[in-house]
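Residue numbers (the UniProt record's numbering): 1 to 214. Below is one structure, written out as structure tokens; comments come after it.
What follows is the structure, given as structure tokens:
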């Protein structure tokens, strides 16, 4: 074996040894926590909150017995409650906005019926004047006037129809579960309530509590 081959072999052995020691220390940190007094072989289950906040209360002490489901500690719930209330208000405002849109749609539909009736009457008047104009019983100016009135009525019908269509788009589905806007606010409320629930941290298994250094 040449010196170069010996050196390469030594490098590979050194790297392999380092990796083995690194893995050992990682596993040991989980299975064998070190204390000032002794080394104890046991499974360590790290416990942490799923949300960030200030710890408001700790219900376990070092080496105290803990059963699965016991409350370990709590975060200050105030900011999370505020977010829940804000999400509830936003959802309620969205519902009220839809109710206002419903009222606008009803009013616009009533106006549309009136406009359609007016347009039909104006069309009848225009048709009558047009027939009379062929007999030269009405002036050209009078015919143009009733034509303009009828066309204006038809335009009002078109405008109201477009307004109702736009209002219905803004309103969205009447089923809250299918309404995109309401579902967005509903999801925000669900998330806020979920985060509030996560301010209480419970034991996932039986064991003993231990506060590890930060």
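The C-beta atom is built at its ideal place from N, Cα and C for all residues, glycine as well. All values reported here derive from a predicted model rather than from experimental measurement.
Is residue i helix, strand or coil by DSSP?
{"i": "residue 146", "result": "helix"}
{"i": "residue 200", "result": "strand"}
{"i": "residue 115", "result": "helix"}
{"i": "residue 141", "result": "helix"}
{"i": "residue 85", "result": "helix"}
{"i": "residue 57", "result": "strand"}
{"i": "residue 158", "result": "helix"}
{"i": "residue 124", "result": "helix"}
{"i": "residue 176", "result": "coil"}
{"i": "residue 106", "result": "helix"}
{"i": "residue 223", "result": "Outside the displayed range of the chain (1 to 214) lies residue 223, so it cannot be described from this structure."}
{"i": "residue 38", "result": "Confidence in residue 38 is poor, its pLDDT being 43 and thus under 50, which makes the residue's placement unreliable; the coordinate value appears in the next sentence. Residue 38: coil per DSSP, three-state reduction."}
{"i": "residue 48", "result": "coil"}
{"i": "residue 181", "result": "helix"}
{"i": "residue 78", "result": "helix"}
Closer than 6 Å by C-beta to residue i: which residues in its own chain qualify, once you throw out the five before and the five after it? Chain order, please.
{"i": "residue 197", "result": "none"}
{"i": "residue 188", "result": "87"}
{"i": "residue 193", "result": "84"}
{"i": "residue 150", "result": "122, 123, 126"}
{"i": "residue 119", "result": "153, 154, 157"}
{"i": "residue 50", "result": "198"}
{"i": "residue 143", "result": "129, 133"}
So, using beta-carbon positions, are residue i and residue j closer together than 7 Å?
{"i": "residue 60", "j": "residue 75", "result": "no"}
{"i": "residue 179", "j": "residue 173", "result": "yes"}
{"i": "residue 216", "j": "residue 164", "result": "One cannot answer for residue 216 here, as it falls past the ends of the chain, which runs 1 to 214."}
{"i": "residue 80", "j": "residue 181", "result": "no"}
{"i": "residue 129", "j": "residue 106", "result": "no"}
{"i": "residue 67", "j": "residue 175", "result": "no"}
Compute every distance between the C-beta of residue i and the non-hydrogen atoms of the ligand NAD, then say whether any falls below 6 Å.
{"i": "residue 116", "result": "Inclusion of the ligand NAD in the displayed structure is not the case, the ligand content being empty and no account of it being possible."}
Opposite residue i in the DSSP bridges: which residues?
{"i": "residue 194", "result": "DSSP lists no partner for residue 194."}
{"i": "residue 73", "result": "58, 201"}
Using 8 Å for Cβ pairs, my map puts residue i next to residue j. What's the rounded Cβ distance?
{"i": "residue 156", "j": "residue 115", "result": "5 Å"}
{"i": "residue 160", "j": "residue 112", "result": "4 Å"}
{"i": "residue 203", "j": "residue 69", "result": "6 Å"}
Ordered along the chain, which non-local residues of its own chain (more than five positions away) have a Cβ less than 8 Å from that of residue i?
{"i": "residue 91", "result": "182, 185, 186, 188, 189"}
{"i": "residue 54", "result": "75, 76"}
{"i": "residue 37", "result": "Bear in mind that a pLDDT of 48 at residue 37, under 50, signals an unreliable position, so the number given afterwards is only what the model happens to contain. Nothing listed; no residue qualifies."}
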